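Those letters in the sequence shown? Residues 10 to 125, by my numbering.
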Amino acid sequence: MYLLIIILNKEEYLDDVLSVLIEMGITDVTIVDTQSLEMALAYRVPIFAGLKFQLGGRTPYSKTIFALADDKNTGKEIIELLKEVGIDLEEKGVARIVTIAVESVLGTPPEVATEI
Numbered sequence: 010m011y012l013l014i015i016i017l018n019k020e021e022y023l024d025d026v027l028s029v030l031i032e033m034g035i036t037d038v039t040i041v042d043t044q045s046l047e048m049a050l051a052y053r054v055p056i057f058a059g060l061k062f063q064l065g066g067r068t069p070y071s072k073t074i075f076a077l078a079d080d081k082n083t084g085k086e087i088i089e090l091l092k093e094v095g096i097d098l099e100e101k102g103v104a105r106i107v108t109i110a111v112e113s114v115l116g117t118p119p120e121v122a123t124e125i
């Protein structure tokens, strides 16, 4: 089993990423509102306020998606499926995907209705 972590900097792609996860049968997913150190400094620490101009109008927030997957290549599959609909997660600043081997998982997720 693998923990898939998707740090999605372009929040407008969230629905597409979630749709691909559901399509792949991955429903044990948690989504967290996050912010990078660079963004926090630019928007909260006056001495770093000049960074805002270098950020090109990007929103200071991102979404981090945690999902359990059975295959270590799930991240690559997500990238390929999204490319088919014109979304390139590998484009600079769009997203980062990390896959970590999980030794054990305790507890069970709540029931999720995947039929729409």
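Note that beta-carbon positions come from the ideal geometry of N, C-alpha and C, so glycine has one too. Just so we're clear, the structure is a prediction, and the values are computed from it rather than from any experiment.
Does the contact criterion of 3 or more C-beta pairs under 8 Å hold for the region 33-42 versus the region 102-109?
These segments do not touch.
Tell me which same chain residues have a C-beta within less than 7 Å of the C-beta of G84, skipping the five on either side of it?
Start at 1 with the first residue of the sequence shown, and residue 84 comes out as number 75. Contacts found: L13, I106 and T108.
What residues match up with L12 in a beta bridge as DSSP calls it?
Sequence index remark: in the sequence shown, residue 12 carries index 3 (1-based). L12 pairs with L77 and I109.
Since D42 sits in a beta bridge, which residues does DSSP pair it with?
Mapped onto the sequence shown, residue 42 falls at position 33. K72.
In the DSSP assignment, find the unbroken alpha helix (DSSP H) run with E20 in it and report its ends.
As a working mapping, residue 20 is identified with position 11 in the sequence shown. Neither: E20 is in no alpha helix (DSSP H) and is coded neither H nor E.
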